[in-house]
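Per the working numbering: the sequence shown ends with 922, consecutive numbering throughout.
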Amino acid sequence: MASANPIQVQKYLSGIDYPASKEDIVATAEKEGAEGEVLDALKNIPDGEYDAPTAVSSAVSDAG
Numbered sequence: 859m860a861s862a863n864p865i866q867v868q869k870y871l872s873g874i875d876y877p878a879s880k881e882d883i884v885a886t887a888e889k890e891g892a893e894g895e896v897l898d899a900l901k902n903i904p905d906g907e908y909d910a911p912t913a914v915s916s917a918v919s920d921a922g
């Protein structure tokens with residue numbers, strides 16, 4: 859299965875304030891037009907608070 863590129867993921871999270879919950883991250887990505895593997899990847903990260911873009915990228919890589 860192809861995984862989302864961290865750069866693609868961050869493109870859809872540019873306006874988010876950290877720390878952010880998984881729900882906030884997914885909602886922001888949807889609002890910014892994310893779809894397909896980017897949105898799927900974000901929906902598959904563990905529930906919790908993320909304190910920085912790097913934490914989200916790491917979770918996406920680990921979940922992939």
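Think of the CB as a built atom: it goes at the ideal place given N, C-alpha and C, for glycine as much as any other residue.
Comparing alpha carbon positions, the residue from Ile903, Tyr876, Pro904, Lys869 closest to Ala887 is Lys869.
Spatial neighbours of Gly922 in its own chain (CB-CB distance under 6 Å, excluding positions within 5 residues in sequence) are listed in chain order as Ser861. Per DSSP, reduced to three states, the secondary structure at Glu890 is coil, with no helix or strand assignment. Take the alpha-carbon of Ala917 and the one of Asp909: they are about 12 Å apart. Within the model, the alpha-carbon separation for Asp920 versus Leu897 is close to 15 Å.
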